[in-house]
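J.: First the structure, then my questions, so here it is.
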Amino acid sequence: MNRREFLSSSAAALTATTLVPPSFAAALQPGAPPGKPRRYALVGTGGRGSSMWGKGVKDTWGDTVEFVGLCDPNPKRAEVVRQIIGVDCPVFTDFDAMVKAARPELVAITTVDAHHAEYIVRALDLGLDVITEKPMTIDATQTQAVVDAEKRNKRKIIVGHNMRFSPAHVRIKELMLSKPIGTIHSVDFHWYLDTSHGTDYFRRWHGIKARSGSLWVHKATHHFDYVNWLLDAEPVQVQAYGGIKRYGAAGPFRATNCRTCSHKAECPFYWDMTKSASAMRLYGGEVEKADGYLRDACVFRPEITTYDTMTATVKYSTDVIMSYSLNAYMPIEGYSLCLNGDGGRVEIRSYGGQPFEVASEMEVSVIKAFGTRTKIDVPTAEGEHGGADDVLRNLIFRRPQVPDHLRIPDSRAGAMSALTGIAARTSCEENRPITISELVTF
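Here it is in structure tokens:
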């Protein structure tokens, strides 16, 4: 694939192309010749693994890696994903057996969140480089284990914090680097998950805190990394509150899953999984029989432990204070982020879906103290997560030259974003402020 073909098939299919930051365009360049393909294995073959780190890698960056193994405790799903990706490598149910037989150099870990750390540590101890989906870890013990494993091994951890890499967010980061409102003192950040996206977390394993770390960790880790990156700061202390107000035992109905539910006609969250060919292929039929995992589990099942209503105050190393909230049953999708400084305020409103028309997907303004409001135009892009996934993969597999603020997120970034959520969840459980330094020793 030459440069023109690559760019035309990637996130470079941009609107408002004159607004694209040069650094974003640089991040999509082919970079140096790939050299010998690295032996590459995928651990976890669900939706994200099969697409982002499976077929997506093979189709565009396949000359940089050689797929040598797929590992999943459900061999039926692994076999389906082998067909989806279009590779002929063997499938495994045991990680150590895969490493011994397939001899990978690089592994991508996309399992249930609770198992990321064990595979990261084992991979590092076996001499492998690691890409892990976020969150890197879901509790303090896991985080300490990963930190310690990296210290004793000369290997690299890459954390899939893609939110940094959309063209809009790159533009916002570079705006903040110019210090348009002087020194930042506080942040107002509110995330809205709608009754499609938000609800879907509660159908899946994410609804169980022990598996996902709760949405404080699984979802908000994205948001905390975004703020850490914009502020160039790290969290110091977190005080948080959370509850289950809409799903789980708070709901009016009870069932095992949607397909067998007797409340289909009256439940507002009923989802007919059989109408999704991709869901049925990955999670239905023989795949479902192999491990019993229900992709359409009832959102009102009483075993749900993940909060759907959350708010936190976070103090940062730069003395910035953030007010954050996440609600998972809104009529709108997107976020509101405001950064307040001694010279004014930057306001960001991102629209992901709503029952009304908007002029643009993202509105950004700089409001000067004692001055005027200036609208900042930002670019948008096609592709997964607003074009961010293509940039992250290109940085990993092509290694183009980019400025420091577009460097690939490492284990420190993974730890600090996860620990913000871990501290928030712990604060909810223990009803006290949690200091990051009491959780992990670096």
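Residue numbers for the sequence shown, in the working numbering: 179 to 620.
The beta-carbon is built from N, C-alpha and C at its ideal position, and this holds for glycine as well.
When burial is assigned at 16 or more other CB atoms within 10 Å of the CB, is Ala-559 buried or exposed?
T.: The residue labelled residue 559 in the question sits at position 381 within the sequence shown. It counts as buried.
J.: Under three-state DSSP, which class holds Thr-438?
T.: The residue labelled residue 438 in the question sits at position 260 within the sequence shown. The answer is helix: DSSP assigns Thr-438 an H, G or I state.
J.: Starting from the C-beta of Val-477, find all residues in its chain whose C-beta is less than 7 Å away, skip the five residues before and the five after it, and write them out in chain order.
T.: Mapped onto the sequence shown, residue 477 falls at position 299. Around Val-477: Thr-377, Phe-380, Arg-381, Tyr-425, Gly-429 and Phe-447.
J.: Is the beta carbon of Asp-588 sitting closer than 8 Å to the one on Asn-340?
T.: Here residue 588 is taken as the residue at index 410 of the sequence shown, counted from 1. Here residue 340 is taken as the residue at index 162 of the sequence shown, counted from 1. No, these two residues do not count as a Cβ contact at 8 Å.
J.: According to DSSP, simplified to helix, strand and coil, what is Asn-331?
T.: Along the sequence shown, one-based indexing puts residue 331 at 153. DSSP places Asn-331 in coil when its eight states are reduced to three.
J.: Return the chain-ordered list of same chain residues with a C-beta closer than 6 Å to the C-beta of Tyr-404, the five sequence neighbours on each side being excluded.
T.: Start at 1 with the first residue of the sequence shown, and residue 404 comes out as number 226. Closer than 6 Å at Cβ, skipping near neighbours: Met-341.
J.: Lys-546 bridges to which residues according to DSSP?
T.: As a first step, residue 546 must be located in the sequence shown, where it is residue number 368. Answer is Gly-522.
J.: Compute the Euclidean distance between the alpha carbons of Gln-498 and His-363, then round it to the nearest angstrom.
T.: Along the sequence shown, one-based indexing puts residue 498 at 320. Along the sequence shown, one-based indexing puts residue 363 at 185. Residue 498 is actually Val in this sequence, not Gln. Roughly 5 Å separates the two Cα atoms.
J.: Can you find a CB in chain B that lies within less than 8 Å of the CB of Leu-570?
T.: In the displayed structure, chain B is absent; only one protein chain is listed.
J.: With burial defined as no fewer than 16 other Cβ atoms inside 10 Å of the residue's Cβ, what is the status of Lys-387: buried or exposed?
T.: For the purposes of this step, residue 387 is identified with residue 209 of the sequence shown, where counting begins at 1. It counts as buried.
J.: Taking Lys-553 as part of the beta strand (DSSP E), name the residues at either end of that continuous run.
T.: What you label residue 553 is simply residue 375 of the sequence shown in a count that begins at 1. Lys-553 -> beta strand (DSSP E) spans 551-554.
J.: Thinking C-alpha only, which one of Pro-480, Pro-533 and Leu-408 is nearest Ile-422?
T.: The residue given as residue 422 occupies position 244 in the sequence shown. Ranking Pro-480, Pro-533 and Leu-408 by Cα distance to Ile-422 puts Pro-480 first.
J.: At a cut of 8 Å, does the segment 483-499 reach the segment 437-451 through at least three beta carbon pairs?
T.: The segment 483-499, when compared against the segment 437-451, does not touch it at the 8 Å Cβ threshold.
J.: Got a sec? Which residues, its chain only, sit under 8 Å from His-441 by beta carbon, not counting five neighbours each side?
T.: Start at 1 with the first residue of the sequence shown, and residue 441 comes out as number 263. Same-chain partners within the cutoff: Phe-431, Ala-433 and Tyr-448.
J.: In terms of alpha-carbon separation, which member of Ile-612, Ala-596, Glu-616 and Val-556 lies closest to Ser-344?
T.: Mapped onto the sequence shown, residue 344 falls at position 166. Taking only the C-alpha atoms, the option nearest Ser-344 is Val-556.
J.: Report all residues from its chain with a CB closer than 6 Å to the CB of Val-333; omit the five preceding and five following residues, and keep chain order.
T.: Here residue 333 refers to the residue found at position 155 when the sequence shown is read from its first residue. Note that residue 333 is Arg in the sequence shown, not Val. Within the same chain, Arg-333 has close Cβ partners Leu-302 and Asp-307.
J.: Quick check on the DSSP output: the alpha helix (DSSP H) that includes Glu-466 runs from which residue to which?
T.: Within the sequence shown, residue 466 is the residue found at index 288, counting from 1. Here the alpha helix (DSSP H) through Glu-466 covers 463-469.
J.: Taking just the CA atoms, how far does Arg-260 sit from Cys-267?
T.: Here residue 267 refers to the residue found at position 89 of the sequence shown. Here residue 260 refers to the residue found at position 82 of the sequence shown. Distance between the alpha carbons of Cys-267 and Arg-260 is about 8 Å.
J.: Measuring straight from C-alpha to C-alpha, what distance separates Arg-527 and Ala-275?
T.: Within the sequence shown, the letter at position 349 stands for residue 527. Within the sequence shown, the letter at position 97 stands for residue 275. Straight-line Cα distance between these residues: approximately 48 Å.
J.: Looking at the unbroken beta strand (DSSP E) that takes in His-563, where does it start and where does it end?
T.: Against the sequence shown, residue 563 aligns to sequence position 385. Looking at the DSSP string, His-563 is not in any beta strand (DSSP E), and its letter there is neither H nor E.
J.: Does the Cβ-Cβ distance between Met-508 and Asp-372 come in under 8 Å?
T.: The sequence position of residue 508 within the sequence shown is 330, counting from 1. The sequence position of residue 372 within the sequence shown is 194, counting from 1. Yes, Cβ-Cβ distance for Met-508 and Asp-372 is below 8 Å.
J.: Measuring alpha carbon to alpha carbon, tell me which of Tyr-529, Pro-251 and Lys-278 ends up nearest Val-465.
T.: Locating residue 465 in the sequence shown gives position 287, where the first residue counts as 1. Residue Pro-251 is the option with its Cα nearest to Val-465.
J.: Going by Cα to Cα distance, which pick from Pro-212, Glu-311 and Glu-541 is closest to Ile-586?
T.: By 1-based counting over the sequence shown, the position of residue 586 is 408. It is Glu-311.
J.: Would the beta-carbon of Val-258 fall within 8 Å of that of Arg-459?
T.: Residue numbering aside, residue 258 sits at position 80 when the sequence shown is read from its first letter. Residue numbering aside, residue 459 sits at position 281 when the sequence shown is read from its first letter. Result yes, Cβ atoms of Val-258 and Arg-459 sit closer than 8 Å.
J.: Given a threshold of 16 other Cβ atoms within 10 Å of its Cβ, counted over all protein chains shown, does Thr-619 qualify as buried or as exposed?
T.: Locating residue 619 in the sequence shown gives position 441, counting from the first residue. Per the 10 Å Cβ criterion, exposed.
J.: Let me know if Lys-351 comes out buried or exposed under the rule of 16 or more other beta-carbons within 10 Å of its beta-carbon.
T.: Position 173 of the sequence shown holds residue 351. Its Cβ being crowded by 16 or more others within 10 Å, Lys-351 is buried.
J.: I'd like to know whether the C-beta atoms of Ala-506 and Asp-520 end up nearer to each other than 8 Å.
T.: Your numbering for residue 506 matches position 328 in the sequence shown. Your numbering for residue 520 matches position 342 in the sequence shown. Contact: no.
J.: If you check the beta carbons only, do Val-395 and Ala-596 fall under 8 Å apart?
T.: By one-based count along the sequence shown, residue 395 stands at place 217. By one-based count along the sequence shown, residue 596 stands at place 418. Yes, the Cβ-Cβ distance between Val-395 and Ala-596 is below 8 Å.
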